[in-house]
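Colleague: In UniProt numbering, the protein residues as written are 1 to 162. Attaching a single structure in structure tokens format; questions to follow.
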């Protein structure tokens, strides 16, 4: 059954826009409900046609932006630049506390140390004793002890705290 979208919203299986000889069941919708557009390769959804078209390039075999330090290649220059930052001329920052963690950026090492070692899990739940690295983690956890259950399953109608 037609969905009410204008004929210009469809492509025939051959990909051209000549719809005169096509039956509705032969048309492939480019849209989903609420104006969303789905990639036929990976089912990823996009808010507009332009985003979908830009994404479609990621499925192309042709990757013109090639890394000069390794065999990787990318469809977008910005992705190549981000990747090239991983070739950081050998600078690595190792966590002295657990030695299994290695970082290419010193700020990431500092974040790791703060969350995992210095004052790690200093926030304890007064109800059950469970500890958290951040106060926000504790705050989120505290909801499970509440009698307020604002979330309901649409299938079985059981209520949950989160």
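Just so it is clear, CB atoms sit at the ideal spot from N, CA and C, and this is done for glycine as well.
Within the same chain, show all residues whose beta-carbon is closer than 6 Å to that of residue 127, passing over the 5 residues directly before and after it, in chain order.
Modeller: Here residue 127 is taken as the residue at index 127 of the chain shown, counted from 1. Around residue 127: 145.
Colleague: Going by alpha carbons, who is nearest to residue 92 out of 82, 109, 76?
Modeller: For the purposes of this step, residue 92 is identified with residue 92 of the chain shown, where counting begins at 1. The option with the nearest alpha carbon to residue 92 is 109.
Colleague: Hey, quick one: how far does the alpha helix (DSSP H) through residue 141 stretch, first residue to last?
Modeller: Within the chain shown, numbered from 1, the residue matching residue 141 stands at position 141. Residues 135–142.
Colleague: Any idea what DSSP makes of residue 104, helix, strand or coil?
Modeller: The count along the chain shown starts at 1 and reaches residue 104 at position 104. Three-state result, residue 104: coil.
Colleague: Here's a check: name, in chain order, each residue in its chain whose Cβ is nearer than 6 Å to the Cβ of residue 87, leaving out the five neighbours to either side.
Modeller: As a working note, residue 87 is residue 87 in the chain shown. Taken in chain order, the residues that qualify are 69.
Colleague: Can you give me the start and stop residues for the alpha helix (DSSP H) that residue 77 sits inside?
Modeller: Stepping through the chain shown from its first residue, residue 77 is reached at position 77. Start and end: 77–84.
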